[in-house]
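Okay, structure first, notes after.
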Amino acid sequence: ISGDMITSGKVVAGSIDPDGTINATGDRAIVFEYGTKLEQNFSNSGIIASASEGIWIEKTRVQGDIINSGQILGGEVAYSGEETVGLYLVDMALKGNINNQVGGEISAEYGITLSSDYKDGTAGTYSATDLTVQNNGNIVGLNYDAIAFDITSEYTGTGGSYDNTLNYSGAGELNGALYDIDMGAGTDILNLTDVRGEWFSINGAETINASNYIIQSTYVDDATAMQAHTDATTTDFNFNNIGVLVDTAGTYTAGSEILVMSGAGAMTAEDISAFSIQFEGFAGTSGDFFLDGTDLKYRLNSVGEVGAKSDQASTFSTTPIAGASAGALASSMALNRNVERVVYQHAKTKTKENMELASLASDAIINSQKDFDPSGAWLQVFGETAEYDGKITNGVARSIAYESATNGVVVGYDKSLGNGLLLGSAFSYATSEVDGSADQFSTDITQYQLSIYGSFNYKRYFVDAQFGMGKSSYEQTREYVGNDVKSDFDGDSLSFGIGAGYVFNATERMTLSPYAKVNLVQSNQDAYVENGSFLSVAEVEMSSTQTSFGTEMNYVLFANNGTKWMPKLFVEYGQELGDEEGAINSQFIDTFANGTTGYAPELGESIIRVGTGLAILGSENGYNLSFDYKFETRERYTSHGLVLNGKLFF
266 ISGDMITSGK
276 VVAGSIDPDG
286 TINATGDRAI
296 VFEYGTKLEQ
306 NFSNSGIIAS
316 ASEGIWIEKT
326 RVQGDIINSG
336 QILGGEVAYS
346 GEETVGLYLV
356 DMALKGNINN
366 QVGGEISAEY
376 GITLSSDYKD
386 GTAGTYSATD
396 LTVQNNGNIV
406 GLNYDAIAFD
416 ITSEYTGTGG
426 SYDNTLNYSG
436 AGELNGALYD
446 IDMGAGTDIL
456 NLTDVRGEWF
466 SINGAETINA
476 SNYIIQSTYV
486 DDATAMQAHT
496 DATTTDFNFN
506 NIGVLVDTAG
516 TYTAGSEILV
526 MSGAGAMTAE
536 DISAFSIQFE
546 GFAGTSGDFF
556 LDGTDLKYRL
566 NSVGEVGAKS
576 DQASTFSTTP
586 IAGASAGALA
596 SSMALNRNVE
606 RVVYQHAKTK
616 TKENMELASL
626 ASDAIINSQK
636 DFDPSGAWLQ
646 VFGETAEYDG
656 KITNGVARSI
666 AYESATNGVV
676 VGYDKSLGNG
686 LLLGSAFSYA
696 TSEVDGSADQ
706 FSTDITQYQL
716 SIYGSFNYKR
726 YFVDAQFGMG
736 KSSYEQTREY
746 VGNDVKSDFD
756 GDSLSFGIGA
766 GYVFNATERM
776 TLSPYAKVNL
786 VQSNQDAYVE
796 NGSFLSVAEV
806 EMSSTQTSFG
816 TEMNYVLFAN
826 NGTKWMPKLF
836 VEYGQELGDE
846 EGAINSQFID
856 TFANGTTGYA
866 PELGESIIRV
876 GTGLAILGSE
886 NGYNLSFDYK
896 FETRERYTSH
906 GLVLNGKLFF
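Residues 266 to 915 in the numbering used here are what the sequence shown lists, from first letter to last.
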């Protein structure tokens, strides 16, 4: 059919199933108008094309569904001074639904326009509209809207209004806006599910329920290109899993309004959950994210972070989930290093030669140790507090600040095998609490670690090594749109360290032990799902490689009946080769909505550690006790630790 197909005032009792090509070179391809009644489905699997409207249905009753698996194409540009429409429904009664199936395409300057839903009947007794648009194909607004709804439900006669429900869902694409939804008088409900389209404007719906809505903008070069708007008639407003996605074609003007929710009577921050923003290949300046009519106003930055104007910092922030995970992992890695240092202390200077070098009070004491075997059991209790300042780049919070407190205990046993060789094992238990800034998250960590260690000493030289395997459990709470959501997950870690040094006598009573070492920590956090937000957080892997060198000083203050009191001091400089900023990604379950993308903390590359303490070596070296303080500082990180240690030699 190369011309128009027009019916007027007819009853079509059967189904209409074009599967060929209808190509109108002039006006509309298919027109149903003025009292036509379609009693069954209209199902297109072919091509319906026109320079103006593909299908025009006016003042027509459609009892069945409008189904498309082919192409319904209006003109790509205006025709006779009028905008073109793929599927135009005006002043009509649609009893069925619109179903754009997989592979189906509806395209024109406006993809679909629904205007002034018309009902037959006596004034005041009109039935409600319950319309569902399902899209699993592609609905394209070439120059304007993918779908334009203007369902005022106002009969031109006297009296009457309608209670309308409009449903939209589908896994297909809306290339263009979902726009100008004017549902008129009555008690109106708009349900939007699994929408992936551009900006929208809604007027007149008293209840709006939106779930899994991605505002996907292919152009944002003016102040209204990505605007979601509701007017003052809205009294019930719920958005779940709303996202903003700007693709590589996006150019963004500073000061543009990204998202506007205005005038809704009952709209509060709690009405919007899981708000996320994602930019793909986007470079631009900052604009604003508004919730007009509330106390919230947020500035949106080009990498998708949201910073608060007032005390609502965590309501829409995209960083807490990343901060919670990253803080937990960083604390776990710090705990690993603490255990590693514990083991080092017991692997070093405990063999026969170094015990002698550390006991300089008199020749008699040294001689009494020559046959000493340093095998023994030991116990250490430690505590550490740390602060991470967070990282801000170009005014954007890349990772969130936190404070942590760690407490633990380590028990171990080692055995001298002769010829300067010592081997041992240790078991550690520790707990850590990580609290994000502004109370945005809190994470409790419990960790167990098994370590094996060894030391080889030759005269004044020593080589130490340690390997550890750990298991961690996490209990996490974070603030999420005014509520606390919780998650439980596990993790594991591996650590390895090796170092070497030399002990020499600086004075009769003082030894100096310069050393160098390399430490590696690999920490993994399992994927998990938050309880309360249905946010699935991907598995996270962090690694740290540190090289360091330093020196330790021991001084025999005095000796009495074989017991020695030895103050000690160490200074160490290190360089971080790993532990870099890394992305932590998430996604909402069973939707295509992206969750937050945050970043693990980057503590700083240069490390300075200092410490001091007091050691007591018991008579005939039957035991030793020590109490130490240690301090670490990096560009964005500081920690303070206390260690109480005791060892009984056999």
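Even for Gly, the Cβ is constructed at its ideal location relative to N, Cα and C. Here the structure is a predicted model, which means the values were calculated and not measured.
Below 8 Å on the Cβ atoms is my contact criterion, and I expect residue i with residue j to pass it. Report the Cβ-Cβ distance as a whole number of Å.
| i | j | result |
| --- | --- | --- |
| VAL327 | LEU352 | 12 Å between Cβ atoms; not a contact. |
| TYR375 | ALA314 | TYR375 to ALA314, Cβ: 15 Å. No contact. |
| ASN456 | GLY402 | Not quite, the Cβ-Cβ distance comes to about 20 Å (not below 8 Å), so this is no contact. |
| ALA695 | GLN712 | 5 Å |
| LEU354 | ILE332 | No, LEU354 and ILE332 are not in contact; Cβ-Cβ is about 14 Å, not under 8 Å. |
| LYS324 | ASP292 | Incorrect: roughly 18 Å between the Cβ atoms, too far for contact. |
Go through its chain and collect everything with a Cβ distance to residue i's Cβ below 8 Å, but skip five positions before and after it.
| i | result |
| --- | --- |
| SER280 | GLN305, ASN306, PHE307, SER308 and GLY329 |
| LYS680 | SER640, LEU687, LEU688 and GLY689 |
| ASN825 | none |
| ILE630 | Any reading at ILE630 must be qualified, since the residue scores a pLDDT of 32, below 50, and its modelled position is unreliable; the value itself is stated next. Excluding sequence neighbours, ILE630 sits near SER624, ALA824, GLY827 and LYS829. |
Can you tell me whether residue i is buried or exposed, with buried defined as 16 or more other CB within 10 angstroms of its CB?
| i | result |
| --- | --- |
| LYS751 | exposed |
| GLY346 | exposed |
| LYS829 | buried |
| GLN399 | buried |
| ASP636 | Because ASP636 carries a pLDDT of 38, less than 50, the predicted location of this residue cannot be relied on, and no value is offered for it. |
| ASP916 | Residue 916 lies beyond the stretch modelled for the chain, which goes from 266 to 915, so this question has no answer here. |
| TYR767 | exposed |
| TYR736 | A small correction: the amino acid at residue 736 is Lys; Tyr does not occupy that position in the sequence shown. Classification of LYS736: exposed, given that the 10 Å Cβ count is below 16. |
| MET734 | exposed |
| ASP753 | exposed |
| LEU882 | buried |
| SER720 | buried |
| ASN408 | exposed |
| VAL367 | exposed |
| TYR793 | buried |
| GLY876 | buried |
| LEU561 | Here the model assigns LEU561 a pLDDT of 29, short of 50, so the residue's position is not dependable, and the following value carries that caveat. With 16 or more other Cβ atoms within 10 Å, it is buried. |
| GLY683 | exposed |
| LEU800 | buried |
| THR772 | exposed |
Of the residues the options, which one's Cα is nearest the Cα of residue i?
| i | options | result |
| --- | --- | --- |
| GLY641 | GLU438, GLY689, THR742 and TYR653 | GLY689 |
| VAL676 | VAL646, GLU698, LEU686 and ILE322 | VAL646 |
| SER716 | GLY762, GLY701 and ASN819 | GLY762 |
| GLN741 | SER758, SER697 and GLY733 | SER697 |
| GLU438 | THR430, GLU370 and PHE914 | GLU370 |
| MET818 | VAL794, LEU842, ASN825 and SER778 | SER778 |
| ALA289 | PHE754, ILE337 and LEU913 | ILE337 |
| THR650 | ILE287, TYR894, VAL342 and ASP292 | TYR894 |
| GLU806 | ASN789, TYR694, PHE727 and TYR718 | ASN789 |
| TYR902 | GLY883, TYR409 and GLU841 | GLU841 |
| VAL786 | ILE332, PHE769, GLU804 and SER760 | SER760 |
| PHE915 | TRP643, TYR793 and TYR299 | TRP643 |
| THR776 | VAL699, SER801 and LEU834 | LEU834 |
| TYR718 | PHE732, VAL699 and PHE769 | PHE732 |
| ASN770 | LEU800, VAL699 and TYR726 | TYR726 |
| SER434 | ASP654, GLY685, ASN440 and THR458 | THR458 |
| SER674 | LEU682, GLY911, ASP654 and GLY300 | What sits at residue 674 in the sequence shown is Val, not Ser. Selected option, being the one with the closest Cα: GLY911. |
| ALA294 | GLY300, ILE320 and ASN722 | ILE320 |
Leaving out five residues before and five after residue i in sequence, what residues of the same chain have Cβ atoms less than 6 Å from its Cβ?
| i | result |
| --- | --- |
| ALA316 | GLY340 and TYR344 |
| GLU917 | Nothing about residue 917 can be read from this structure; the chain reaches only from 266 to 915. |
| GLY764 | ASP729, TYR780 and LYS782 |
| SER372 | LEU338, GLY351 and VAL405 |
| GLU795 | VAL750 and SER752 |
| TYR888 | LEU913 |
| LEU879 | PRO832 and PHE892 |
| VAL277 | LEU303 |
| ASP757 | LYS736 and ASN789 |
| HIS905 | THR650 and PHE896 |
| THR349 | SER317, GLY339, GLY340, ALA373 and GLU374 |
| LEU909 | VAL646 and PHE892 |
| GLY839 | GLN811, SER813 and ILE872 |
| GLY648 | ASN672 and LEU907 |
| GLU652 | GLU668 and THR903 |
| ASP755 | SER738 and ASP791 |
Return yes when the C-beta of residue i is under 6 Å from any heavy atom of the ligand GDP, and no when it is not.
| i | result |
| --- | --- |
| SER372 | This structure does not include the ligand GDP; it has no bound ligands of any sort. |
Quick one: residues in its chain with C-beta nearer than 7 Å to the C-beta of residue i, no 5 flanking neighbours on either side, listed in chain order?
| i | result |
| --- | --- |
| ARG899 | LEU868, GLY869, SER871 and ILE872 |
| TYR678 | ALA642, GLY689 and SER690 |
Please give the ranges of any beta strand (DSSP E) in the stretch 729-793, keeping only runs that are unbroken, at least 3 residues long and fully inside the region. 748-767 and 775-790
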